[in-house]
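Let me begin by presenting the structure, written as structure tokens, before commenting on it.
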Amino acid sequence: MRNYFALSLCLLISTSASYAQNSHWNIYAKTGIQVGGPLYKSPSIVSKSGSPGFNPILGAGFSYAITKKLSIAAEAFYSRRKINYSSEVKDQNYIDHNTLIINNQSITFDVSTTFTGTTKGTFDSHYIEMPILLQYAFGNKWQIHAGMYYAWAFNKTNKGTATGIVGRTDIQDPNTVTDKEYNYSKEMTSRYYGFVAGTQYQLSSAFALEVRATYSLKSLYKEEWEGIPYTLKDLYGQLTVKYYFIRPKA
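Sequential numbering from 71 applies to the sequence shown in our numbering.
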């Protein structure tokens, strides 16, 4: 029975592969890296700098040729987006977490105020990204594509420290903090969508090199959260190598 099952499975795989090679299907794996970060627009940010972490991409996809030049593709891949940042801000909205001890019991409450000073932190999110693309081929080597993507952040963090003045800055003894820790991870969005566009060069019958740009239409923070009064939308460039398991026979 085991031999029969193994033989049937081998026949099914070989038949499927043979069908795909003689049809309009491409099946491939892809891996690569990406760099970028969130775009923002806020008068409270005086200056901002950042450095990317190691942001790998690993996944697979398939495409179906509608005509000789036009095809549609769908992918699913793991994606990490990490960036370390440092910001100089002035009178930025700030949620100050305070704790009082009353009758040996701690009471925590939030105060909405402003912050002026330096913030340092990290965005680090792990995604499953699923783009759908329309592809157009130029000759046998080049291809351009565009479409939209949906992403689910299954693990996300935004932590850092703040050093500066909380509240009014025009008084003699302002309220200052030094390396005060903050954690806005719970305020980050879990689901994103946006635009995708790029190009691909066929290196050989099995390998291709792809360059792609993605722009998110959703902010990193939840819309209903008032702690950050502006949006942060990711713009990333991706460089990947594709390996084709199955391609139509010429």
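We put the beta carbon where it would ideally sit given N, CA and C, even for glycine. Just so you know, these numbers come straight off a predicted model, no measurement behind them.
Check	Outcome
Own chain residues within Cβ distance below 6 Å of Pro299, not counting five before or after	Asn163
Cut-off 6 Å between Cβ atoms - residues of its own chain near Lys118, not counting five sequence neighbours on either side	Ser157
Complete runs of the beta strand (DSSP E) confined to the region 215 to 277 [at least 3 residues]	245 to 253 and 261 to 272
Proximity winner among Pro126, Phe185, His94 and Ile142, relative to Ile153 (alpha-carbon distances)	Pro126
Three-way DSSP call (helix, strand, coil) for Leu204 in this model	strand
6 Å CB neighbourhood of Phe315 in its chain, flanking five on each side removed	Ile97
Spatial distance of Tyr204 from Phe193 (CA atoms)	A small fix is needed here, since residue 204 is Leu in this sequence, not Tyr. For Leu204 and Phe193, the distance between alpha carbons rounds to 31 Å.
Rounded separation between Trp95 and Thr137 - CA only	12 Å
Where Lys312 falls, given that 16 or more other Cβ within 10 Å makes a residue buried	buried
Under the three-state DSSP convention, the category Asn154 falls into	strand
Span of the beta strand (DSSP E), counted from its first residue to its last, around Phe124	It is not in any beta strand (DSSP E) - Phe124 carries neither H nor E in the DSSP assignment.
Gly209 versus Thr188, Lys139, His196 and Lys226, residue with shortest Cα-Cα distance	Lys139
Spatially closest choice to Ser274 from Val105, Ser176, Lys211 and Phe185, by CA coordinates	Lys211
Three-state class that DSSP yields for Arg317 in the structure shown	coil
Own chain partners of Asp304 with C-beta closer than 8 Å, once the 5 adjacent residues on each side are dropped	Gly106, Gly107, Pro108, Leu109, Arg151, Tyr262, Gly264, Thr284, Tyr285, Ser286 and Leu290
Chain-order list of residues whose beta-carbon lies under 8 Å from that of Thr231 (same chain, five-residue window excluded)	Thr189, Lys190, Gly191, Asp249, Lys250, Glu251 and Tyr252
Residues bridged to Ser286 [DSSP beta-bridge criterion]	Gly264
Classification of Val159 by the beta-carbon crowding that lies within 10 angstroms, buried from 16 upward	buried
CA nearest to the CA of Pro113, picked from Ile235, Ser260, Asp161 and Ile142	Asp161
Buried or exposed by the 16-neighbour rule on C-beta atoms within 10 Å, applied to Ser141	buried
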